[in-house]
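Worksheet: the structure to be examined is printed underneath.
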Amino acid sequence: MYYYKNNFEYNKVSKMHQKLNIYLAGPRGFCAGVDRAIEMVKEALRKYGKPVYVRHEIVHNKFVVENLKSQGAIFVEELDEIKDKSRPVIFSAHGVPKKVPKEALKLNLIYYDATCPLVSKIHKEVENFDKKNLPVILIGHRNHPEVIGTMGQTNSEIFLVEKEADVKKLPLNVNDQIAYVTQTTLSVDDTKGIIKEIKKHFPNIIEPKKNDICYATTNRQEAVKKIANQCDYFLVIGASNSSNSLRLVEVAKKYGSKKAILVEDVDSINLNIFQESKNIGITASASSPEILVTKLINNLKNNFEIIVNEEHYEKEDVYFKIPQKLKV
Ligand code: SF4
222 MYYYKNNFEY NKVSKMHQKL NIYLAGPRGF CAGVDRAIEM VKEALRKYGK PVYVRHEIVH
282 NKFVVENLKS QGAIFVEELD EIKDKSRPVI FSAHGVPKKV PKEALKLNLI YYDATCPLVS
342 KIHKEVENFD KKNLPVILIG HRNHPEVIGT MGQTNSEIFL VEKEADVKKL PLNVNDQIAY
402 VTQTTLSVDD TKGIIKEIKK HFPNIIEPKK NDICYATTNR QEAVKKIANQ CDYFLVIGAS
462 NSSNSLRLVE VAKKYGSKKA ILVEDVDSIN LNIFQESKNI GITASASSPE ILVTKLINNL
522 KNNFEIIVNE EHYEKEDVYF KIPQKLKV
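Each residue of the sequence shown is one higher than the last, beginning at 222 in our numbering.
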């Protein structure tokens, strides 16, 4: 489905007298897993009062983290940093290795797991392959928390592949039965190439039943692909430690935008970069709230004459419930 909509008013008051066409990608911004994780922290604050601990940034976005801090959340990287062990702790949306809930039990902590259900699905796959004694290849980015969490679902070795060239170097027999899974927030295009290489190298490879790259990652990348070649500059609102944000910048460049950058702070964007530009693409990563898109557009509106064209690649209606036991 692909339709065109223009739902922003033409701005007649211009300060720079320069016209900008804004191409706004849709869908963009929060996905169902991010929504659920943030809601879980808020619900924990309602249920238990302040403070509530959160292990790792609940989602990779400074605005979200600062907002939750102001409501009483305390962010830690490891459970032993929790000063008051009587307070609850929430695990982030990226997922955690199995040893983390075990440690929480040992420390007698009240804990809630905000791992996105689509990441939990991959954890289950790894567990099942492990039960069948199948070696597992994980396509993903080293040191990303989701990858650390997925690798920590088994005591057996998981073989990490970051790029096509890694496949040939794997210490596995080409005729072995092997399974693979992927991180949820990868580049759809790059991953296709790596999977092709894996299949070529290991003819007996077992694939996941359903693509592990999640719906939100796929839709946000497809939405950018549809408009990138109309753009001189593509602005991706997101964080530098967010995999899905970085992939959107790559996709915008690859699909024709002359330039593409990550915008971590919408208030301090240098407007001079648009001097040579007429057509600006805008999207927001799955962990960036819509309020940042509005702020950015208002910032541009205050300085240029703008026309906003909003394009929708796909309508999303995915929703994940928060655990019943957390409800007030
Ligand atoms: S990006 Fe995908 S896997 Fe990650 S939290 Fe969102 S829906 Fe879940």
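We treat Cβ as the ideally placed atom computed from N, Cα and C, and that holds for glycine.
Here the structure is a predicted model, which means the values were calculated and not measured.
*Assign H365 to one of three DSSP states: helix, strand, or coil.*
Correct three-state label for H365: coil.
*What separation, rounded to the nearest whole angstrom, lies between the Cα atoms of K384 and Y269?*
Just so you know, the alpha carbons of K384 and Y269 end up roughly 44 Å apart.
_Which residue wins for smallest C-alpha separation from I399, given the options L300, L391, P510?_
L391
_Beta-carbon separation (whole angstroms), L452 vs S489, contact threshold 8 Å_ = Reading off the sequence, residue 452 comes out as Cys, not Leu. So it is not a contact: roughly 21 Å between Cβ atoms.
*Among all the DSSP beta bridges, which residues are the ones paired with T371?*
According to DSSP, which records beta bridges pairwise, T371 is partnered with nothing at all.
*asked:* Just to confirm the assignment: which complete beta strand (DSSP E) runs, minimum length 3, are found wholly within the region 507-543?
replied: 526-533
*Assuming I503 and L469 make a contact with CB atoms under 8 Å, what is their CB distance in whole Å?*
Incorrect: roughly 11 Å between the Cβ atoms, too far for contact.
*asked:* With the cut-off set at 7 Å, would you say V388 and V395 are in Cβ contact?
replied: No.
*Tell me which same chain residues have a C-beta within less than 8 Å of the C-beta of M372, skipping the five on either side of it?*
P318, L359, I379, L381
*Cβ neighbours of G293 in the same chain (closer than 8 Å, five flanking residues each side left out)*: L266, G270, K271, P272, V273
*V549 versus E264: straight-line alpha-carbon distance, rounded*: 7 Å
_Ignoring anything shorter than 4 residues, give me the alpha helix (DSSP H) runs that lie fully in the region 245-320, in order along the chain._
Counting whole runs of 4 or more residues, the region 245-320 contains the alpha helix (DSSP H) stretches 253-269, 283-292.
_Nonlocal neighbours in the same chain, by C-beta distance under 6 Å from F296, ignoring five residues either side_ = Result list for F296: V275, in chain order.
*asked:* Could you tell me the alpha carbon to alpha carbon distance between Q442 and K480, rounded to whole angstroms?
replied: 16 Å
*Return yes when the C-beta of T403 is under 6 Å from any heavy atom of the ligand SF4, and no when it is not.*
For the ligand SF4, not one heavy atom lies less than 6 Å from the Cβ of T403.
_Collapsed DSSP secondary structure at G459 in the structure displayed_ = coil
*Mind checking whether V286 and E346 have CB atoms under 7 Å apart?*
no
_heavy atom of the ligand SF4 below 6 Å from G254 C-beta_ = Yes - the ligand SF4 has a heavy atom lying nearer than 6 Å to the Cβ of G254.
*Sorry if obvious, but does the Cβ on A444 come closer than 6 Å to a heavy atom of the ligand SF4?*
no
*Can you round the beta-carbon distance between V514 and G250 to whole angstroms, since I take them to be within the 8 Å contact cut?*
7 Å
*Leaving out five residues before and five after A335 in sequence, what residues of the same chain have Cβ atoms less than 8 Å from its Cβ?*
Taking A335 as the centre and dropping the five residues before and after it, the same chain places the C-beta of R257, A258, M261, V262, I279, I311, F312, S313, A314 closer than 8 Å to its C-beta, in chain order.
*Are the beta-carbon atoms of Y332 and A325 separated by less than 7 Å?*
yes
*Regarding A507 and the ligand SF4, is the C-beta to nearest heavy atom distance less than 6 Å?*
yes
_Taking the alpha carbon of N465 as the reference point, which residue from A505, V529, D397 has its own alpha carbon closest?_
A505
*If we call anything under 7 Å between Cβ atoms a contact, is G247 one with E531?*
yes
*Leaving aside the five residues before and after H625 along the sequence, list all residues of the same chain whose C-beta is less than 8 Å from its C-beta, in chain order.*
With the chain covering only 222 through 549, there is no way to say anything about residue 625.
_Residues near N282 by beta carbon distance below 6 Å, same chain, minus five either side_ = A460, S508, S509
*Which value, in whole angstroms, describes the spacing of the CA atoms of Y540 and A437?*
12 Å
*Under 7 Å, do I528 and N242 count as touching if we go by C-beta distance?*
yes
*Within its chain, find whatever has a CB closer than 6 Å to the CB of K240; leave out the 5 residues flanking it on each side and keep chain order.*
Hits under 6 Å: E526.
*Express the C-alpha separation of S498 and P309 in angstroms, rounding to a whole number.*
49 Å
*With a floor of 4 residues, list each alpha helix (DSSP H) that falls wholly inside the region 423-458, ordered by position along the chain.*
436-449
*Whose CA, out of D351, T439, I303, lies closest to the CA of S408?*
T439
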